[in-house]
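Novice: By the count of the numbering used here, the sequence shown reaches residue 1157 at its end, each step adding exactly one. Quick one: the structure is below, and I'll ask about it shortly.
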Amino acid sequence: MTEPIIHATGLTKTYGRGAKKVEAVRGIDLRVRQGQIFGLVGPDGAGKTTTIQMLTGILTPTAGSATVAGIDVVGDSDALGGSIGYMSEGFTLYGSLSVEENLDFFASLYKVPPEEAARRKETLLGFARMESARGRRAEHLSGGMKKKLALACTLIYRPKVLFLDEPTTGVDPVSRQEFWKILYEFLVEGITIFSTTPYMDEAERCHQVALLRRGEVIANESPATLKRTLSGLALDMVAMPQAQALSQLRRMQGVSQVQVFGERLHLLLRDGEDRAEALRAQLGEAGVEVNDFKITNPSLEDVFIASIEDLRASDMPAKPGVPEPEKLLAQFPLPSDLEGFSETPVEHTNGIVVRTEGLTKRFGDFTAVDQVSLGVHKGEIFGFLGPNGSGKTTTIRMLCGLLPPSAGQASVANFDVVKERAAMKPHLGYMSQKFSLYKDLTVDENIRFYGDLYGLPPGRLAQRRNWVLEMAGLKGKEHLLTRDLSGGWKQRLALGCAILHEPQILFLDEPTSGVDPVSRRQFWDLIFALSIQGVTIFVTTHYMDEAEHCHNLGLLYRGRLIAKGSPAKLRSRMKLGSLIEVPVRDPLAALPPLDGLPEIIQTSIFADKLHALVWEVDAGRSAIEAALGSHDLIDGPIKNIPISLGDLFNLFIEMEEEGRKVRQTT
Ligand SMILES: Nc1ncnc2c1ncn2[C@@H]1O[C@H](COP(=O)(O)OP(=O)(O)OP(=O)(O)O)[C@@H](O)[C@H]1O
Ligand SMILES: [Mg+2]
């Protein structure tokens, strides 16, 4: 067998000494074969970035050794530069340069021949859907667009090994698909990819996945093997009424995870089939009607959660990685106890907390937010969704009184966002896209800082401080520097700081981006709890499973609100669209024949399968069979699979695009 292109043995990194010693990475062994995509996943703080930084020669290991493309990363780290590419979590762009100038800069830095560079630049701008923003200064891009530009700058050259640290965090679902197509093309050129990701659907697409937990590799297999080794059991069912089913299931013993996908529930049980039967009976007794009850193939997310679950069960309580959910839930009622949960809240006109009328923001001759009109009720969780650069953050900034609108009106808590800005502020909380914590302050100092900012009297601050520490699971960590907290903690601290003053309305701009699945769930438990207490939540996310949990959604596209309503309502409004799964022999070869077919809206690769979103199922199927059959690429039966909320949005966007084309030509 040939020598692996990445080979690490006993790689270790410890920080500090004595009582303060932290073992970030504890003697891990890794072997990655050339031409593969290798995924490193694990909860926040598991040591992913530290591992990547040792493999790229940025950090010196405390012990152990590693070679990358035959180069010793410790002894010869200077030589690595020519062979590897690295996109760090905080990749820096040149803010005052345009999108295009940034790409040109990186191309010339890595000596890409000019013609080649020009060609790649176009491909990359296309994948990122950023052609129209090519002249815009990088500092004026949206959060996700910045991330996509950073990725494009990394992909403009062709190293032997590409290291990517959370490359797609905050990137919208459509661009993530496009991005993965590009990665597959890299593989064809023999390039090896080593990537970390908090998205389990992405890990699913890797050849090999290592699960990192507290600095140790606890599994290192192909996704298929990992799923076979899951100790629990995955279940699917349709249970009505859903709110009641949820509230029951979350109280039951042995249920590690419940996820809602439209009307379907996906469950993870800690043990076998007896439990499944008992659970079904229990639901029946509680008056829940259960249909379509079946044991299903576990997802990689199931494996991930199961492995964290036993971490929680077996681990020393002295290190409170995550707040105890039971404690939290005792403190707050269960989210699913909310009356009418997952239904549209009652349509009444009073009690509207956020109202906009033709709200518009222009930057020069570019319209970032285009006549948005919406209303959000008290206690509602409103999901504000849309692709990167569609105007979400800009809208939120106007609603928080941070950016003056160019036209239209808006009120928050009955205060006009322009005229009554100062009076409005105490009533709202805002968690910005890049959590606005002071990294060089400790946890405690951050809380005090925000407390002063909101003018909380000392007694009240002490009370609220306690509450935040409890809520965020940060008891005992008061004196840590915020910089040293891992993602999930930082996120909960930021939330805590945003609600110290108990605002009636909370604006959360991508609060869960880059946070691991377990922390994300806990975060949503907190959001539900706040909503039940009557706090209105205005939240953006690129995670479609989170969107499913909102009472109402608004879909923003190119600054315009193109759809709004509850997830169920939106589903029933859209009569078109199906998702087809096609097993294929060679996924990359199967893409070009499908390109540009009018029946197909979008295709994506899932290991050895293609997913095609089509307008109409029969026509779609026939078109795919005709296009791929002649190349003998189809490798098994074609299936219809349930359409996700993300697919639904693609349909809305596609319809809007069609409409735009029509408007332009008439
Ligand atoms: N000061 C500015 N000058 C010019 N354009 C700007 C400025 N600020 C924002 N924009 C543009 O407005 C558009 C909307 O940006 P916004 O940050 O609101 O997007 P978003 O929906 O929050 O995206 P993401 O999902 O990536 O966070 C983008 O195209 C962005 O480049
Ligand atoms: Mg944004």
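All C-beta atoms in this analysis are idealised placements derived from N, C-alpha and C, irrespective of residue type, glycine included.
#1: Does the distance from the C-beta atom of His-1102 to that of Ile-1071 stay below 9 Å?
#2: Look at the alpha carbon of Ser-1158 and the alpha carbon of Ala-1118, and state the distance between them as a whole number of angstroms.
#3: Between the beta-carbon of Leu-976 and the beta-carbon of Leu-984, is there less than 9 Å?
#4: Does ligand 1 have a heavy atom nearer than 8 Å to the CB of Val-860?
#5: List the endpoints of the continuous alpha helix (DSSP H) containing Pro-1084.
#6: Report buried or exposed for Asn-1131, applying the criterion of at least 16 other Cβ atoms within 10 angstroms of its Cβ.
#7: Could you pull the DSSP bridge partners for Ile-673 from this structure?
#8: Does the contact criterion of 3 or more C-beta pairs under 8 Å hold for the region 696 to 713 versus the region 902 to 919?
#9: Going by other Cβ atoms of all chains shown within 10 Å of its Cβ, with 16 needed for buried, is Met-1165 buried or exposed?
#10: Do the CB positions of Lys-1055 and Leu-1046 come within less than 9 Å of each other?
#11: So, at 7 Å on beta carbons, what are the nonlocal neighbours of Thr-558 in its own chain, with the 5 sequence-adjacent residues on each side left out?
#12: Which residues are close to ligand 2, meaning CB closer than 6 Å to any heavy atom, in chain order?
#13: Grab the span of the beta strand (DSSP E) containing Asp-535 for me, first residue to last.
#14: If we count the other Cβ atoms within 10 Å of its Cβ and call it buried at 16 or more, is Ile-786 buried or exposed?
#15: Return the chain-ordered list of same chain residues with a C-beta closer than 7 Å to the C-beta of Asn-1141, the five sequence neighbours on each side being excluded.
#16: Helix or strand or just coil, what does DSSP make of Ile-1144?
#17: Residue ranges of each alpha helix (DSSP H) run of no fewer than 4 residues wholly in the region 562 to 619, ordered along the chain?
#18: Counting only the same chain and skipping the five closest in sequence on each side, list residues whose C-beta sits under 6 Å from that of Arg-846.
#19: Suppose you measure from the CA of Thr-503 to the CA of Val-523; what does that come to, to the nearest Å?
#20: Count the other C-beta atoms from every protein chain shown that fall within 10 angstroms of the C-beta of Phe-854, then say buried if there are 16 or more, exposed otherwise.
#21: With burial defined as no fewer than 16 other Cβ atoms inside 10 Å of the residue's Cβ, what is the status of Ala-725: buried or exposed?
#22: What's the call for Lys-638, buried or exposed, on a 16-neighbour Cβ count within 10 Å?
#23: Given 8 Å as the limit, tell me if His-631 has its C-beta closer than that to any heavy atom belonging to ligand 1.
#24: Between Leu-1194 and Leu-721, is the Cβ-Cβ spacing less than 9 Å?
#25: Indicate the three-state DSSP secondary structure (helix, strand or coil) for His-498 in the structure shown.
#26: Just to confirm before moving on: does the CB-CB distance between Arg-649 and Ile-684 stay below 9 Å?
#27: Taking the straight line between their C-alpha atoms, what separation do you get for Leu-653 and Ser-568?
#28: Are the beta-carbon atoms belonging to Met-578 and Pro-658 less than 9 Å from one another?
#29: Which runs of the alpha helix (DSSP H) fall wholly inside the region 977 to 1045 and span at least 4 residues, in chain order?
#30: If we ignore side chains and look at the alpha-carbon of each, how far apart do Val-662 and Glu-780 end up?
#31: Looking at C-alpha atoms only, which residue of Tyr-675, Val-794, Arg-939 and Lys-968 is the closest neighbour of Gln-954?
#32: Per DSSP, what kind of secondary structure is Gly-507 in: helix, strand or coil?
#33: Considering just the uninterrupted stretch of the alpha helix (DSSP H) at Leu-767, what are its terminal residues?
#34: What does a CB cutoff of less than 6 Å around Glu-607 pick up in its chain, not counting 5 residues either side in sequence?
#35: At the level of alpha carbons, what is the spacing between Pro-1008 and Gly-723?
Specialist: In brief:
#1: yes
#2: There is no way to answer for residue 1158, as the model of the chain reaches only from 492 to 1157.
#3: In contact: Leu-976 and Leu-984 (Cβ atoms closer than 9 Å).
#4: True, at least one ligand heavy atom lies under 8 Å from that Cβ.
#5: 1078 to 1085 is the extent of the alpha helix (DSSP H) around Pro-1084.
#6: exposed
#7: Answer by DSSP bridge pairing: none, since Ile-673 is not bridged.
#8: no
#9: The structure shown does not extend to residue 1165, since the chain is modelled only from 492 to 1157, so the question has no answer here.
#10: Result yes, Cβ atoms of Lys-1055 and Leu-1046 sit closer than 9 Å.
#11: His-498 and Val-564
#12: Ser-633, Gly-634, Lys-883, Thr-884, Gln-924 and Asp-1000
#13: Counting along the chain, Asp-535 falls outside any beta strand (DSSP E), and DSSP gives it neither H nor E.
#14: exposed
#15: The residues Val-665, Ile-1092, Gln-1093 and Leu-1104, in chain order, have a CB closer than 7 Å to that of Asn-1141 in the same chain once the five nearest residues on each side in sequence are set aside.
#16: helix
#17: 590 to 600 and 605 to 618
#18: Residues of the same chain with a CB within less than 6 Å of the CB of Arg-846, apart from the 5 flanking positions on each side, are Gly-866 and Ser-902 in chain order.
#19: Between Thr-503 and Val-523, the C-alpha separation is close to 18 Å.
#20: exposed
#21: buried
#22: Under the 10 Å beta carbon count, Lys-638 is surrounded by 16 or more other beta carbons and is classified as buried.
#23: Result yes, Cβ under 8 Å from ligand 1.
#24: Because residue 1194 is not part of the residues shown, which for the chain are 492 to 1157, the question remains open.
#25: If DSSP states are grouped into helix, strand and coil, His-498 belongs with the strands.
#26: no
#27: 15 Å
#28: yes
#29: 978 to 989, 1008 to 1023 and 1035 to 1038
#30: 38 Å
#31: Arg-939
#32: coil
#33: A small correction: the amino acid at residue 767 is Ala; Leu does not occupy that position in the sequence shown. In the DSSP assignment, Ala-767 falls within the alpha helix (DSSP H) that extends over 764 to 776.
#34: Non-local C-beta neighbours of Glu-607 in its own chain, meaning closer than 6 Å and more than five positions away in sequence, are absent.
#35: 17 Å
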